[in-house]
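In what follows, a single structure is set out as structure tokens and then discussed.
In UniProt numbering, the protein residues as written are 1 to 422.
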């Protein structure tokens, strides 16, 4: 049966010491980049999660629970408690929609054709015309949608401004939301000026030089982004253009991410051999030799089931290569208005399981510890002493229900830094 926990707080409201009582703890139990098949699972019933100053101090049987007037106690009455989810790839700041494109694609129009007449640039136009206030409120709204589903760390890319002024504007809005909402969701900003070539650019080279010479130094000086990302594809930027952009980003001290092999195969592996990438994302058309370089470099491959589903691609082939290489992967929603208009990590898990046949516990690991690693984070994604106490209490009796029960949000309660926030 579904759990109806009616969680209760008993003592010490506002205390910096918290106990979550009666937890069925289900979590990855290592923080290393292990092969997915070697990631150990912690699965213990009737446990107490002891939290101090927002950090997990211990996991012990309920009979050993510490009690005292200084403790804030939550009894979850046997509910499954997991690490809060990390969304490591989203495009959550935008205006407008591309519903017409979506329905046209269902009827046979291709993504390549849509990029020529609208696509990303259609969202750029709508976003440029939106006010700062509208964009800020939209981003706050989507952030709370993610929070309700157990997400407490969210990567957000720019990329719908596509000129210096607009990209800086988007990153400043992301930064403002990051500061305002940090007690609920931690935001990891990414500069994706190289999302597409803007229609109004004087030339490709002119815009690339603007990104490198003008925009990235401002982003660095104002600390507006943790990462720089480039969409490497025939409809966006060539490997050589990406090399020029990444060279500048690396020299400025940015961490690097990349959209690779989403629409076709190319020689992007050259970038991986040259620069230290935290993650490379999409990978629908990656080959075995590409993934060998990914794992040799300790980079996290990020699969995006919802986008592959929308574009009728098959990530099972990529997954099989990863498994054959004894590798690992993260997943994310790729939430965006064009190819994945779904801010639901649970739908990403369901589609990954039902449509592509990926094992449910691997998808769970991919949404937690490996997703955190895809943002370079080693302090969350597993319920282990020393990690941040970012947790989600589920309404389902076991993780076996994930994918099996779908179409609802299975999250009953969310803790951020040991405090209930949802």
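Beta carbons: idealized from backbone N, C-alpha and C, even for Gly.
Distance CB(residue i)-CB(residue j) smaller than 8 Å
{"i": "residue 256", "j": "residue 282", "result": "no"}
{"i": "residue 21", "j": "residue 58", "result": "no"}
{"i": "residue 319", "j": "residue 291", "result": "no"}
{"i": "residue 417", "j": "residue 54", "result": "yes"}
{"i": "residue 185", "j": "residue 146", "result": "yes"}
{"i": "residue 190", "j": "residue 155", "result": "yes"}
{"i": "residue 235", "j": "residue 112", "result": "yes"}
{"i": "residue 298", "j": "residue 350", "result": "no"}
{"i": "residue 30", "j": "residue 39", "result": "yes"}
{"i": "residue 177", "j": "residue 224", "result": "no"}
{"i": "residue 392", "j": "residue 366", "result": "no"}
{"i": "residue 56", "j": "residue 381", "result": "no"}
{"i": "residue 266", "j": "residue 313", "result": "no"}
Backbone CA spacing between residue i and residue j [nearest angstrom]
{"i": "residue 374", "j": "residue 261", "result": "17 Å"}
{"i": "residue 79", "j": "residue 355", "result": "28 Å"}
{"i": "residue 311", "j": "residue 233", "result": "15 Å"}
{"i": "residue 175", "j": "residue 395", "result": "33 Å"}
{"i": "residue 25", "j": "residue 81", "result": "5 Å"}
{"i": "residue 60", "j": "residue 295", "result": "35 Å"}
{"i": "residue 65", "j": "residue 414", "result": "21 Å"}
{"i": "residue 101", "j": "residue 227", "result": "29 Å"}
{"i": "residue 276", "j": "residue 379", "result": "21 Å"}
{"i": "residue 286", "j": "residue 273", "result": "15 Å"}
{"i": "residue 322", "j": "residue 337", "result": "29 Å"}
{"i": "residue 159", "j": "residue 230", "result": "10 Å"}
{"i": "residue 212", "j": "residue 249", "result": "8 Å"}
{"i": "residue 360", "j": "residue 400", "result": "8 Å"}
{"i": "residue 364", "j": "residue 270", "result": "31 Å"}
{"i": "residue 1", "j": "residue 218", "result": "At residue 1, the pLDDT of 43 sits below 50, so the modelled position is not reliable; the number obtained from the coordinates is stated separately. Approximately 54 Å between the Cα atoms of the pair."}
{"i": "residue 123", "j": "residue 50", "result": "46 Å"}
{"i": "residue 44", "j": "residue 62", "result": "11 Å"}
{"i": "residue 69", "j": "residue 19", "result": "12 Å"}
{"i": "residue 410", "j": "residue 148", "result": "10 Å"}
{"i": "residue 340", "j": "residue 306", "result": "6 Å"}
{"i": "residue 406", "j": "residue 263", "result": "29 Å"}
{"i": "residue 268", "j": "residue 239", "result": "6 Å"}
Cβ of residue i within 8 Å of any chain B Cβ
{"i": "residue 167", "result": "No chain B is part of this structure, which consists of one protein chain only."}
CB-CB length for residue i against residue j, believed under 8 Å
{"i": "residue 343", "j": "residue 85", "result": "Wrong, their Cβ atoms sit about 12 Å apart, outside the cutoff."}
{"i": "residue 134", "j": "residue 92", "result": "No, residue 134 and residue 92 are not in contact; Cβ-Cβ is about 14 Å, not under 8 Å."}
{"i": "residue 368", "j": "residue 28", "result": "6 Å"}
{"i": "residue 278", "j": "residue 376", "result": "5 Å"}
Boundaries (first-last residue) of the beta strand (DSSP E) holding residue i
{"i": "residue 310", "result": "Where residue 310 is concerned, there is no enclosing beta strand (DSSP E), although the alpha helix (DSSP H) it sits in stretches over 305-310."}
{"i": "residue 102", "result": "Careful: residue 102 lies outside any beta strand (DSSP E), inside the alpha helix (DSSP H) at 99-106."}
{"i": "residue 43", "result": "41-52"}
{"i": "residue 371", "result": "Careful: residue 371 lies outside any beta strand (DSSP E), inside the alpha helix (DSSP H) at 369-373."}
{"i": "residue 230", "result": "227-230"}
{"i": "residue 188", "result": "186-194"}
{"i": "residue 74", "result": "71-75"}
{"i": "residue 282", "result": "277-282"}
{"i": "residue 250", "result": "Premise fails: residue 250 lies in the alpha helix (DSSP H), 239-252, not in any beta strand (DSSP E)."}
{"i": "residue 56", "result": "55-61"}
Residue interval of the alpha helix (DSSP H) (run including residue i)
{"i": "residue 411", "result": "Here residue 411 belongs to no alpha helix (DSSP H); instead the beta strand (DSSP E) covers 411-416."}
{"i": "residue 209", "result": "204-210"}
Given 8 Å, three or more beta-carbon pairs between the segment 201-209 and the segment 165-180: no
The segment 242-257 touching the segment 205-225, judged by at least three CB pairs closer than 8 Å: yes
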